[in-house]
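Protein chains in written order, with the working numbering: chain A, 1 to 478; chain B, 479 to 956.
Where a beta carbon is used, it is the ideal one built from N, C-alpha and C, also for glycine.
Predicted model only: the values in this text are computed from it and were never measured.
First comes the structure, then the notes that go with it.
Number of protein chains: 2
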Amino acid sequence: MRNRLLSLPIQLAPCGGEPYKQQIARAIEELIVTGRLRADDQLPSINELVAMLKVSKNTVLGAYQLLQDAGLIRSALRRGFFVEAVGDCALKPAELASRPAQPPPIYASTVRPVHAPGVHTPPPPVPVRFDFKVGRPSPHAFPWRRWAALSNQLLRHAGRAIGEYSPAEGLWGLRMQLADYLASAKMLSVEPEQIIIVAGTQEALSLIVANCLDDGAEVVMEAPGYTGFSHLLAQHRARSVQVPVDAEGLRTALLPERALPLAYVTPSHQYPLGHTLSLARRRQLLEWAARNGTLIIEDDYDGDFRYASAPLPPLVAMDPTRVVYLGTFSKVLGPGLRLGYLVCPPALVDSITRRKALLNNGCPWLEQAVMARYLESGEYSRHVHSLRQRYRKQRDSLLDGLQRVWGHAGEVSGEHGGMHVAFRLPDGSASATEVARMALARGVRLLRCRRPPAAAGAMSVSCCSATPRSTSAPSRRR
Amino acid sequence: MRNRLLSLPIQLAPCGGEPYKQQIARAIEELIVTGRLRADDQLPSINELVAMLKVSKNTVLGAYQLLQDAGLIRSALRRGFFVEAVGDCALKPAELASRPAQPPPIYASTVRPVHAPGVHTPPPPVPVRFDFKVGRPSPHAFPWRRWAALSNQLLRHAGRAIGEYSPAEGLWGLRMQLADYLASAKMLSVEPEQIIIVAGTQEALSLIVANCLDDGAEVVMEAPGYTGFSHLLAQHRARSVQVPVDAEGLRTALLPERALPLAYVTPSHQYPLGHTLSLARRRQLLEWAARNGTLIIEDDYDGDFRYASAPLPPLVAMDPTRVVYLGTFSKVLGPGLRLGYLVCPPALVDSITRRKALLNNGCPWLEQAVMARYLESGEYSRHVHSLRQRYRKQRDSLLDGLQRVWGHAGEVSGEHGGMHVAFRLPDGSASATEVARMALARGVRLLRCRRPPAAAGAMSVSCCSATPRSTSAPSRRR
Numbered sequence: 001m002r003n004r005l006l007s008l009p010i011q012l013a014p015c016g017g018e019p020y021k022q023q024i025a026r027a028i029e030e031l032i033v034t035g036r037l038r039a040d041d042q043l044p045s046i047n048e049l050v051a052m053l054k055v056s057k058n059t060v061l062g063a064y065q066l067l068q069d070a071g072l073i074r075s076a077l078r079r080g081f082f083v084e085a086v087g088d089c090a091l092k093p094a095e096l097a098s099r100p101a102q103p104p105p106i107y108a109s110t111v112r113p114v115h116a117p118g119v120h121t122p123p124p125p126v127p128v129r130f131d132f133k134v135g136r137p138s139p140h141a142f143p144w145r146r147w148a149a150l151s152n153q154l155l156r157h158a159g160r161a162i163g164e165y166s167p168a169e170g171l172w173g174l175r176m177q178l179a180d181y182l183a184s185a186k187m188l189s190v191e192p193e194q195i196i197i198v199a200g201t202q203e204a205l206s207l208i209v210a211n212c213l214d215d216g217a218e219v220v221m222e223a224p225g226y227t228g229f230s231h232l233l234a235q236h237r238a239r240s241v242q243v244p245v246d247a248e249g250l251r252t253a254l255l256p257e258r259a260l261p262l263a264y265v266t267p268s269h270q271y272p273l274g275h276t277l278s279l280a281r282r283r284q285l286l287e288w289a290a291r292n293g294t295l296i297i298e299d300d301y302d303g304d305f306r307y308a309s310a311p312l313p314p315l316v317a318m319d320p321t322r323v324v325y326l327g328t329f330s331k332v333l334g335p336g337l338r339l340g341y342l343v344c345p346p347a348l349v350d351s352i353t354r355r356k357a358l359l360n361n362g363c364p365w366l367e368q369a370v371m372a373r374y375l376e377s378g379e380y381s382r383h384v385h386s387l388r389q390r391y392r393k394q395r396d397s398l399l400d401g402l403q404r405v406w407g408h409a410g411e412v413s414g415e416h417g418g419m420h421v422a423f424r425l426p427d428g429s430a431s432a433t434e435v436a437r438m439a440l441a442r443g444v445r446l447l448r449c450r451r452p453p454a455a456a457g458a459m460s461v462s463c464c465s466a467t468p469r470s471t472s473a474p475s476r477r478r
Numbered sequence: 479m480r481n482r483l484l485s486l487p488i489q490l491a492p493c494g495g496e497p498y499k500q501q502i503a504r505a506i507e508e509l510i511v512t513g514r515l516r517a518d519d520q521l522p523s524i525n526e527l528v529a530m531l532k533v534s535k536n537t538v539l540g541a542y543q544l545l546q547d548a549g550l551i552r553s554a555l556r557r558g559f560f561v562e563a564v565g566d567c568a569l570k571p572a573e574l575a576s577r578p579a580q581p582p583p584i585y586a587s588t589v590r591p592v593h594a595p596g597v598h599t600p601p602p603p604v605p606v607r608f609d610f611k612v613g614r615p616s617p618h619a620f621p622w623r624r625w626a627a628l629s630n631q632l633l634r635h636a637g638r639a640i641g642e643y644s645p646a647e648g649l650w651g652l653r654m655q656l657a658d659y660l661a662s663a664k665m666l667s668v669e670p671e672q673i674i675i676v677a678g679t680q681e682a683l684s685l686i687v688a689n690c691l692d693d694g695a696e697v698v699m700e701a702p703g704y705t706g707f708s709h710l711l712a713q714h715r716a717r718s719v720q721v722p723v724d725a726e727g728l729r730t731a732l733l734p735e736r737a738l739p740l741a742y743v744t745p746s747h748q749y750p751l752g753h754t755l756s757l758a759r760r761r762q763l764l765e766w767a768a769r770n771g772t773l774i775i776e777d778d779y780d781g782d783f784r785y786a787s788a789p790l791p792p793l794v795a796m797d798p799t800r801v802v803y804l805g806t807f808s809k810v811l812g813p814g815l816r817l818g819y820l821v822c823p824p825a826l827v828d829s830i831t832r833r834k835a836l837l838n839n840g841c842p843w844l845e846q847a848v849m850a851r852y853l854e855s856g857e858y859s860r861h862v863h864s865l866r867q868r869y870r871k872q873r874d875s876l877l878d879g880l881q882r883v884w885g886h887a888g889e890v891s892g893e894h895g896g897m898h899v900a901f902r903l904p905d906g907s908a909s910a911t912e913v914a915r916m917a918l919a920r921g922v923r924l925l926r927c928r929r930p931p932a933a934a935g936a937m938s939v940s941c942c943s944a945t946p947r948s949t950s951a952p953s954r955r956r
């Protein structure tokens, strides 16, 4: 449990015109949205607040009720009131919303850190007002009404479905819809039988690593690259062979010529620098893999977003026997769904399915069933399309802003697709670490890229999750 | 994909009074619910059925529409119509329900086998009319209305919650509610911080095995025991040391006296024979573990159901530093939720959390959030209570039936708790294999226990998932 608070910094304006209960609720809301109250903090008891503010018990009860209705706090029987971890401050009942016009509150991150460095970052020392955290979709874009309607429809059948184990490899309907989607959206021709539904890209990587690696094995990955993968390798006692990237993506000329079981790449939008692997390099990579007996993991984590030229064909389209393709719904709908998929070479389907069964017997039924319907109806495609428009605009604002501040100094990469761009600071400026620190002290979170040399002085900046918090206040409920 | 059917065995009664479209829909429903049509079978096209039945196109379209509305089939654009994998045949629109009274349809299993023997069994050769499959809750008991209402409420906040990674160890609210529940329902005093939310018991086992075992390690398990665990051990190149069980549970006197990292037991209702580990044996087991430095996995897979005496204290209550306690919602609500938890000794919390983060970054947000509310409101406790009444009655019917057929011959075990009983055939009768085969040929599925000597001639029979299918027709929509 977090803090147990005995008092709160609340000043009531007796002649303010606004009823006390709304003043109290608003003051507490401010404390929550500015991050001074954190998820799971315990609020003062009713009596404590009564004593402190010299108001009636009903007033305090009314204020807490308003906050509960707004999803900002919860009550736990005989324990008291707690700040809600999942409350979306954007949704308030009419009463709370009736306060005088003022700048919209900016949300502090209430996500608790996990113990896997590189997968998530620890919480910042000050409230984050503009969070340019990488890889999160705009929180206002989630189609919750539609999701609720589909869930509702499907839950009528839930007894039979939830009362059983679904297939470990995923619901057939979802795999079939995904095959259709990949055919139309990415020109990928895959059989539904090749698709295995997993709890996000991280689980896909876990399954492949557990399936394909022995202790001490060496695995090629990009430098800089996704640290969630290098931590996974370390856990499996495998070693990473770091191959640098440049503006054409992985520098294939530097690939070691020896038998290596796995190579992990992000061809469509290199993580974190955002480069696209060129066609020539794609060919070289596949030829290298064929020579050395390597299985390639193609992580297309945000491949749905492409703003300029037509995308290059995925690696898996060029050599379906040697590439495992990873897709995810985390970037389009949200990582809280824990839903992704891998497209396996036929030879791997059985062993990965068996692993998934012994790991956790498959993914939850409801998310899969809803997603299948959402794909089937064409809504998913339309949603991706509208996100693409939205994210393109947000990217444009971000590039404008960078230009205004830095002029032609510095260097942007990754702006042609995906959900973030990288920005390399000009020579002679403060270090990326220093800039990120200064920004954070002002409530702006950036992600500093860590690995030299390609990433020296570079920072990744989301053009998706952050900007809506500062610019889209009027359209928040979309 | 399964079969592509070009025709169906449908006879229309021209003077039957019932419109053709309903006759057709009903006939196809019968084929589905009796298992002659299987999940993902492709139905004849509209034109094929028109040609076969000599009816109008609109009639066939109408019939397919009725079946779609009932969730029994689905249409896939440009591919045709398919039997639905998740359809609950019990829920039909008014039109379909208006047919003449007749015995309720019995459901065939539409679950597809996975490739993990012991986790699931392959589909039977004939339609299963009475499925005494072990470990599935009654499909009619799932509180879908309430689940839909809670999902609906929570999805309003989904953008912010699904748009983020939740904590890998699970939502704080759920862990807090679980700590409360364990305190009141099992007199277990645990801190929320010790609870880690996982995708079911199988994932809990995967995490522990990956965390605690090296190649070639030896692990104690019960004989007969849960084969899903022995397969997991094999995958991790660990070996099982099989210790027999008797009427008091694990025969602790036979435990090997050497340093062993792990022991896996099911004390409250031994799987599959159903014995309860006696208090004396519990003490011996814990003393043995302390002597040999062993961590005990206590799998309380259906410990919510106890029909006679008060339950013994869980092992974890007797030695919280040496026992990992596994709980699951699979048996109360359904395995399709993929939601369970482990209560870790404090020393293990960090490493298991880190493993969960690197494995798949946590469980989906919605199931966790709904479950937290369902626990908080007290509805979960009430649901368990009403299930206990229901399952006790069903167990009584089952015991009556066994008595009627076998008299005092044979031997029942595990009838005082849990969701299934085991029945040992009397000496001189056909073998368990033979009895199970004969039963299956008549559409009755039993689970034969496999490992001698304790299990020779024994069969496990669910008293939960099967009986409702034959007896609870009038209350199906509960």
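Where residue i meets chain B, residues with beta-carbon distance less than 9 Å
| i | result |
| --- | --- |
| Met-176/A | Met-479, Asp-518, Ala-554, Arg-557, Phe-560 |
Chain A within 8 Å of residue i, Cβ atoms only
| i | result |
| --- | --- |
| Leu-486/B | no |
| Ser-708/B | no |
| Trp-650/B | yes |
| Val-597/B | Confidence in Val-597/B is poor, its pLDDT being 38 and thus under 50, which makes the residue's placement too unreliable to answer from. |
| Glu-508/B | no |
| Pro-617/B | yes |
| Gly-703/B | no |
| Asn-536/B | no |
| Gly-771/B | no |
| Arg-614/B | yes |
Under the three-state DSSP convention, the category residue i falls into
| i | result |
| --- | --- |
| Thr-328/A | strand |
| Val-528/B | helix |
| Leu-483/B | coil |
| Arg-851/B | helix |
| Arg-112/A | Bear in mind that a pLDDT of 29 at Arg-112/A, under 50, signals an unreliable position, so the number given afterwards is only what the model happens to contain. Arg-112/A falls in the coil class under three-state DSSP. |
| Ile-488/B | coil |
Own chain, CB closer than 7 Å to residue i, minus 5 neighbours either side, in chain order
| i | result |
| --- | --- |
| Gly-62/A | Lys-21 |
| Gly-249/A | Pro-267, Gln-270, His-275, Thr-276, Leu-277, Ser-278, Arg-281 |
| Asp-319/A | Leu-286 |
| Ser-523/B | Gly-558 |
Within chain A, partners of residue i - CB distance below 9 Å
| i | result |
| --- | --- |
| His-898/B | Those do not exist, as His-898/B stays about 15 Å from chain A at its closest Cβ, beyond 9 Å. |
is_contact[residue i, chain B] using C-beta, thresh 8 Å
| i | result |
| --- | --- |
| Ile-208/A | no |
| Ser-166/A | yes |
Cβ shell of residue i (< 6 Å), same chain only, five flanking positions each side left out
| i | result |
| --- | --- |
| Asp-300/A | Ser-268, Gly-327 |
| Leu-740/B | Cys-690, Val-697, Leu-773 |
| Val-86/A | Residue placement at Val-86/A cannot be trusted, given a pLDDT of 44 that sits under 50; the coordinates are not used to answer. |
| Glu-203/A | none |
Contact list for residue i against chain D, beta-carbon separation under 7 Å
| i | result |
| --- | --- |
| Phe-620/B | Among the protein chains in the structure shown, which are A and B, there is no chain D. |
Proximal chain B residues relative to residue i, where beta-carbon distance stays under 8 Å
| i | result |
| --- | --- |
| Ala-217/A | Going along chain B, no residue has its Cβ under 8 Å from Ala-217/A, so there is no contact; the nearest lies around 14 Å. |
| Leu-358/A | Ala-594, Val-597, Gln-680, Ser-684, Gly-706, His-709, Leu-710, Gln-713 |
| Gly-71/A | Arg-634, His-635 |
Within chain A, partners of residue i - CB distance below 7 Å
| i | result |
| --- | --- |
| Ala-626/B | Ser-151, Asn-152, Leu-155 |
| Cys-841/B | Arg-338 |
Could you please tell me which residues of the stretch 195-206 of chain A, in chain order, have their CB closer than 7 Å to any CB of chain B?
-> Ala-199, Gly-200, Gln-202, Glu-203, Ser-206
Taking Cβ-Cβ distances below 9 Å as the criterion, which residues of the stretch 814-832 of chain B are in contact with chain A?
-> Gly-814, Leu-815, Arg-816, Leu-817, Asp-828, Ser-829, Thr-831, Arg-832
Contacting positions in the stretch 234-266 of chain A - beta carbon closer than 7 Å to chain B = Gln-235
Return the residues of the stretch 791-812 of chain B that lie within a Cβ-Cβ distance of less than 8 Å from chain A, sorted by chain order.
-> Leu-811, Gly-812
Of the residues that make up the stretch 876-892 of chain B, which ones have a beta carbon closer than 9 Å to any beta carbon in chain A?
-> none
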